[in-house]
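Structure first, commentary second.
Structure below.
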């Protein structure tokens, strides 16, 4: 192939390296105003009165919006309202502003003013009288029948505060009966922390509502079309009267802005509707950390049962995750945690999962890279180790015996036939990490530093269909000089999608790459795309291009056949040269100009629905535990991932490396710590501990390439996968180093030291 | 019909009435800089040296561009370079900056700075040493062999300074022989002034060239795609790496910015290429008046010969028009002057036309509403009157006998069969103006004020194909809530195109209008459209929608047939309700959401090439001549125009009224007066005399509706037509009032008084 598989530099590299690329905070519109938000100081309260008159009277204030003068239509600022085909439920439980704040930071009112300073001052002039209400912060506490009710409609005599009802998945036969037949049973439970996406760019939007009833929003969303639909529904506008675009760049996403960005778009729009001027609202880092979706923390419990030969015949999974004050993706995510992270990897004939998305009076949890699968994996993979130890089996062999293989029926009725290479990935991970040489040395080690190695595997989704609306539209045209221009409404949120998609486009259409360009779309001018999420973008855009390319090529070939009197079926094109029976006939440049002068543009728009696929991968992690301080360092992660076909190998490895690194933080240092009455302590990069260059392990990302049957050119997605198994692999590695199994994450020195002490391990 | 033919308010009315609509000068981009241009103080000179070092050293200056450091590739800042299919020639005779200025105002260099003030100061710091060269200003003078050469390559021993060679059109037999057979011969010659489009918004552009090699321009062009192609060629960029968009509004055009806007886009781009920052360049009103295209003035001569029964059998037309320093549309326009204005209206079996586009050292003349047809009409129609008088015939009867009728072959081999209603328009004009009652009273009148009535007809083009590239692309989609969104790359330059196009779209697709929207395109995201010019937009967009609508409807019907098990051929849709055999089945809203949830968008992109058509119309003008002061007032214009079908009657009448009013200025007050050594005196609205509310005649625009066979729903264009016959009708009316035939326009009091005095007419 000419372009697919090649190390081609990022098309957005120049813009980003030189600072010329525009992000939302760079946008300035004429007559633009600036917004600030009044947020609740209470975790749960009722607003008894609000007086905005002083704020309104402050010179320079152009609009004040609150729950009193803004739509109180219930909506969901994440995407599922428009993404979930029936019968999948969607919880509508929030309003743009509220008179009943449900977490510290909940939006009461907002001000738009000529300057940020005036807006800040005006917010302080809003007088609010609150009546504090009882609050609850822990999901298990919140589930108790007498717990304070976070969302009044969730009163349930048995289990309180359950958002959208529990997710119950079941496959095969009776699980309780199956456990009775098991020779060996393993159980593992753990507590996972709330962590943050901590993307580089905070949420932001510039919204302009004009007197013609049209709302235009330039913002940081990962999903322009869902954002358009959410805003249209929330503000009762026809969909055709809402435009959403990126500026075009988005400084990272990691799931935090699938749907609207925090509430930036809705707040800016509500204010613009009052003043008919553009309103810019950019979250501070503190607001971004504490007032937008995070990853679900909570309680997980796994039970596996096997016959003595190692066949796992029973599985029971449980998750009670803290979804915070509002649903957003809470329900769906608990589903993916069960379907992918818990039940998707192994072919277990009697399996079930019960997932509780639990409301609490904390900031909302929603989508974050991995979307429930890291949580599921984190309970399954340590349990596999425990089971293997009980069985006296090598855990990798145990895994390989039980992984889902081609033709197997597991919980998913939906996945199309694909390539199943989990076992190969496990073998590669073991081999490349010298796993067998390094593993099982806990008892031989003494002294301060103990090393260990662990392994984990899992699956996830590439594309979330059929569980959510998943379709794409791509337009491609040949310009009058023969160059290719491609558009879609999928944002470039960082991974290099725009470069890789263009590599695929040039490959499939048969044009040269250097002069081709992918232009970022907006919802006014390009067709529906659900956005950059769910490990889907390059896979689904390629699927759409696969359908589009023959149609665009047919237009060109028909033109050449007609004008050159050549047999249509013998025409071909590669690298913008048209051949007949292998002989060069004419260049695309020549016929594009000729066609243009004759009144013709070769242009094609195609809309397709791609199927969902299952990714395959495994990772080993090597750690060093300082038994004196409890400090755990991750030394190396070996990460073989089956990418089907690597469109752009460095970008592909970049995705794996980024995911692994984020998961190292998840396992060892990152945690949102709640202080009752104050809210989250970790509001910025000083107090929220991400891995730094210093704590970064060596990451060996290995691109396994077994072209996926269902993927265009064999392509399958990679975006989220790197993050999923790492925490479990590190967990297993720490056990391998110390013989102590931990149950609460991240593995801070304090937790580790306490665990080691309890087990009597010291630096002797 | 539901929407076509209805008085529907403009969709852009809110934006414009409330001041919320954005124009180019409203655009502010981060790090934007401001440009000013150093223009030649000489009409013809050679730059001996230029020193920009002081300007460059001025704090706040970020870029200085001149002929020394900018591409010197020859280009044409109007559209023909990319609009004219072979063999029609295109003259490339200008560069972005020049070291040989050819008119007062020619661009030598430009500065981009942090503020306009710094840029102005820096321009004054550029030191230029000029050697003045001999100059020529009059086309007849310029054609003499020893005249100074404006463009060196135009040295021709016989006729000097001819731009692109003369336009010679011939039809039928030997014209000289035919004149010998005529019983009556009439001749008329006149001098027409240079006039300006005087659109409300001056030229402007904001150009951003980024280090990735991509140029984006937001500007005032009427033709985004041609602008894109012109800039790509001038700066040697792949077409796919240039984006052109309107902001979206354009404050009028009238032809002055088909292609780039003056040179705003090129100057801003040249500067941005030096500093990699956005550069904004907005023409002052003075620059707009004196440094961008105007209407061609010059010398015209018509000779008509008829047999005594009134059959016109010979025609000889001549035009030598002042194209100024550069070609832009000069060559093409002389062609339209001949083909439409001169030879297109009457079916004369022996006819010829010779048109000279002549270079002079004045500002360039190019496209202006009517594009040569007003000039051609202005020599033919008075000559018809003279011929009628000589024949002793009624001039209207003479016209009607000789107009081109269905099936006639005239000079044009290209026009498809259409509806020919010129004679009906002549009759309506005569009847509605009481022509016969008012006409022919010159000799009966005495006193200071004399009244007269005149008539004129002509033709023009609707769409300039096949003489230039003429194709359109439209995309239409059904949003997930069932609303319609339409896009194309045709700007809204004022006439209400965006409203009317949407009326046609809703009519043809079968959707409701209120929630439908037309979104303005840009060249990155919407397909080729040659732009808003040549009386084409609503006609050609409708043609494209006519091709698109059945395809989009077919997608919808196929979906309904499949999901509802209904016979495909019995499905229909109107007002967004789908019926089967006349019975309501489902609403578009319902199935759009259902299809979306199922992973499907109904979306269609279509590209079509519309044929060119001939408009039909006539106008009468009534005038009152003050024989004491020479002041001519136009009292009333009756203007029946065959619009085929009026999509939006008030908008349609608005086009006619605006054209007539502009032509009243052309006939009576507007004139660019050249002062040697100083340039044009009329640089603003104080000195350039447009009609005011006070001098506005009553205009009775009559919409004649004979659906055009080739037009979608019968639609034919109207944009330019109002302006074409008015000057000739006023000319004929002044003759009718006074018995004096004038030969120089506009009819200023001085000229009229001189003419009346010479004829011995006083206010006795």
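Residue numbers (the numbering used here), protein chains in the order written: chain A, 108 to 871; chain B, 108 to 871. Glycine is no exception: its CB is placed at the ideal position from the N, C-alpha and C atoms. Quick caveat, the model's predicted, so the values are computed rather than measured.
C-alpha gap between residue i and residue j, whole angstroms
i, j, result
"residue 584(A)", "residue 716(B)", "17 angstroms"
"residue 329(A)", "residue 329(B)", "34 angstroms"
"residue 591(B)", "residue 376(A)", "22 angstroms"
"residue 318(A)", "residue 157(A)", "28 angstroms"
"residue 511(A)", "residue 517(A)", "7 angstroms"
"residue 249(B)", "residue 466(B)", "7 angstroms"
"residue 361(A)", "residue 475(A)", "5 angstroms"
"residue 283(B)", "residue 674(A)", "52 angstroms"
"residue 696(B)", "residue 693(A)", "47 angstroms"
"residue 268(B)", "residue 603(B)", "40 angstroms"
"residue 687(A)", "residue 588(B)", "46 angstroms"
"residue 241(B)", "residue 766(B)", "38 angstroms"
"residue 260(A)", "residue 313(A)", "34 angstroms"
"residue 173(B)", "residue 233(B)", "10 angstroms"
Extent of the continuous alpha helix (DSSP H) run through residue i
i, result
"residue 610(B)", "604-616"
"residue 773(A)", "756-775"
"residue 529(B)", "529-539"
"residue 334(B)", "331-341"
"residue 796(A)", "No alpha helix (DSSP H) contains residue 796(A), which DSSP labels as neither H nor E."
"residue 451(A)", "From DSSP, residue 451(A) is part of no alpha helix (DSSP H); its letter is neither H nor E."
"residue 443(B)", "437-443"
"residue 491(A)", "480-498"
"residue 551(A)", "Residue 551(A) -> no alpha helix (DSSP H), and no H or E assigned at all."
Span of the beta strand (DSSP E) around residue i
i, result
"residue 464(A)", "457-466"
"residue 238(A)", "234-239"
"residue 725(B)", "723-733"
Buried or exposed by the 16-neighbour rule on C-beta atoms within 10 Å, applied to residue i
i, result
"residue 470(B)", "buried"
"residue 853(B)", "buried"
"residue 449(B)", "buried"
"residue 557(A)", "buried"
"residue 643(A)", "buried"
"residue 634(A)", "buried"
"residue 586(B)", "buried"
Beta-carbon separation (whole angstroms), residue i vs residue j, contact threshold 8 angstroms
i, j, result
"residue 711(B)", "residue 650(B)", "Residue 711(B) to residue 650(B), Cβ: 15 angstroms. No contact."
"residue 350(A)", "residue 630(A)", "6 angstroms"
"residue 211(B)", "residue 147(B)", "6 angstroms"
"residue 441(B)", "residue 426(B)", "6 angstroms"
"residue 316(A)", "residue 379(A)", "4 angstroms"
"residue 862(A)", "residue 847(A)", "5 angstroms"
Chain-ordered neighbours of residue i on chain D, where CB pairs are closer than 8 angstroms
i, result
"residue 572(B)", "Among the protein chains in the structure shown, which are A and B, there is no chain D."
Is there contact between the segment 694-707 of chain A and the segment 794-802 of chain A, where contact requires at least three CB pairs shorter than 8 angstroms?
no
Could you tell me whether the segment 534-551 of chain B touches the segment 654-672 of chain B, where touching means 3 or more Cβ pairs closer than 8 angstroms?
no
Okay, do the segment 330-343 of chain A and the segment 388-406 of chain A touch, 3+ Cβ pairs below 8 angstroms being the bar?
no
For the 8 angstroms Cβ check, are there 3 or more pairs between the segment 424-437 of chain B and the segment 491-498 of chain B?
no
The segment 600-614 of chain B in contact with the segment 560-575 of chain B per 3-pair CB rule at 8 angstroms:
no
Are three or more beta carbon pairs between the segment 722-737 of chain A and the segment 787-795 of chain A nearer than 8 angstroms?
no
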